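In case it helps, the UniProt record's numbering puts the sequence shown at residues 1 to 223.
Glycine is no exception: its CB is placed at the ideal position from the N, C-alpha and C atoms.
This structure is a prediction, so every number in the text was calculated from the model and none was measured.
Please read the structure below before turning to the comments.
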Amino acid sequence: MMARYDQNKDGKIEMRELAEILPPEESFLVLFRSQQPLSSIEFMEIWRRFDSDSSGFIEVNELKSFMKHLITKNQLGDISDDKLDEYAKSILKLFDANNDGKLELKEMAKLLPTKENFLKQFQKRCEEANVAKPGQKTLTRSEFERVFSYYDKDKNGTIEGDELNGFLKDLMEHEGNEELNMTELEKCCGMLLKVCDKNGDGIIQKTELEMFIRPSDCQEPQE
Numbered sequence: 001m002m003a004r005y006d007q008n009k010d011g012k013i014e015m016r017e018l019a020e021i022l023p024p025e026e027s028f029l030v031l032f033r034s035q036q037p038l039s040s041i042e043f044m045e046i047w048r049r050f051d052s053d054s055s056g057f058i059e060v061n062e063l064k065s066f067m068k069h070l071i072t073k074n075q076l077g078d079i080s081d082d083k084l085d086e087y088a089k090s091i092l093k094l095f096d097a098n099n100d101g102k103l104e105l106k107e108m109a110k111l112l113p114t115k116e117n118f119l120k121q122f123q124k125r126c127e128e129a130n131v132a133k134p135g136q137k138t139l140t141r142s143e144f145e146r147v148f149s150y151y152d153k154d155k156n157g158t159i160e161g162d163e164l165n166g167f168l169k170d171l172m173e174h175e176g177n178e179e180l181n182m183t184e185l186e187k188c189c190g191m192l193l194k195v196c197d198k199n200g201d202g203i204i205q206k207t208e209l210e211m212f213i214r215p216s217d218c219q220e221p222q223e
C-alpha cells in the first residue's frame, strides 16, 4: 500500500495522497480539513467568490466550482464533470442539513476549517488575564484598537465588504446566534451601516465603529 500511494517516496502518506485512497465523501473531507483554518474574513471572501449569483446559498454548480478550485490549488490533476457531480452529492449528503440541495452559511461553515471566533477568543484572553474591570461592559481604547486592527485586513482604516461581514459573523455568533444565514447577516449589516455610517459612503470608518462600540464620547472606560 505504501509503495502504491506514497507518490513522492518520502515514507509517509500525505493528505493529498490519502485523498486518493478514500471513498469520495471521505477523501474530500480530508482535502477540506488539510487547508489552513480560515478567519471569518477569509471565510466570507470564499463565500462571496463562489456564491456567484449572490443568492445567499452555495448551489450545486457553485459547489462544483469551489471543489474544482480546491483541486487545482492542491495540484491534484484534472477531474471530470461526472466526478465533480459525485463529490458534490457526497458533500451535500454530509452537510446539507435541511436537504434543500444547497449549502447555506452555517452549513458551509461546518465544511470549511475555521479559526476560533476572534471575539470569543479575545474575551477569553481578557478574562484569563483578568484585565476586565468589574462591571465593565464595553472595550477600553486599546482593546478596541486590537479588535479593529484584526478586522481591518487591508489596513486602510476602514471596515468594509468581507471585513465587515466577517466582523458581524463573529459578533452575532459571540452573542449566541449560531444559526446565522446570509439574510440575517445582510440585514444586520444594513442596520449597522444605518447607525454607524454617518457620511453615507457604505463603509465603516474607524471613528464611526468606535462611537458604536464605545459610546459616551469614546472616552470611557479608560485604562
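query: Reference E116; option with closest CA among D82, L139, S39, Y87; result: S39
query: Beta-carbon proximity of D152 to E163, cut-off 9 angstroms; result: yes
query: Collapsed DSSP secondary structure at I79 in the structure displayed; result: coil
query: Distance, I46 Cα to residue 227 Cα; result: Residue 227 falls outside the range modelled here, since the chain spans only 1 to 223, and no answer is possible.
query: Distance between beta carbons of L119 and I91, contact taken as under 8 angstroms; result: About 29 angstroms; that fails the 8 angstroms criterion.
query: Short Cβ contact (9 angstroms threshold) for I58 with F66; result: yes
query: F50 classed as buried or exposed, judged by whether at least 16 other C-beta atoms fall within 10 angstroms; result: buried
query: Endpoints, alpha helix (DSSP H) assigned at R141; result: 141-151
query: Option nearest T140 by Cα separation, candidates N156, E184, Q123; result: Q123
query: Inter-residue Cα distance where the pair is Q121 and E208; result: 24 angstroms
query: V60 versus E107 - alpha carbon distance; result: 14 angstroms
query: Limits of the alpha helix (DSSP H) - the one that D170 falls within; result: 161-174
query: N- and C-terminal bounds of the alpha helix (DSSP H) containing K110; result: 105-111
query: Host alpha helix (DSSP H) of F57 (start-end); result: Per DSSP, F57 belongs to no alpha helix (DSSP H) and is neither H nor E.
query: Cut-off 8 angstroms between Cβ atoms - residues of its own chain near D96, not counting five sequence neighbours on either side; result: K102, L103, E107
query: Boundaries of the alpha helix (DSSP H) in which E45 is found, first to last residue; result: 40-50
query: Closest residue to L105 among L192, M44, R214 (Cα-Cα distance); result: M44
query: Pairwise C-alpha distance: D201 and E175; result: 27 angstroms
query: Backbone CA spacing between R48 and L63 [nearest angstrom]; result: 12 angstroms
query: Distance, F148 Cα to D100 Cα; result: 37 angstroms
query: Backbone CA spacing between C196 and N74 [nearest angstrom]; result: 41 angstroms
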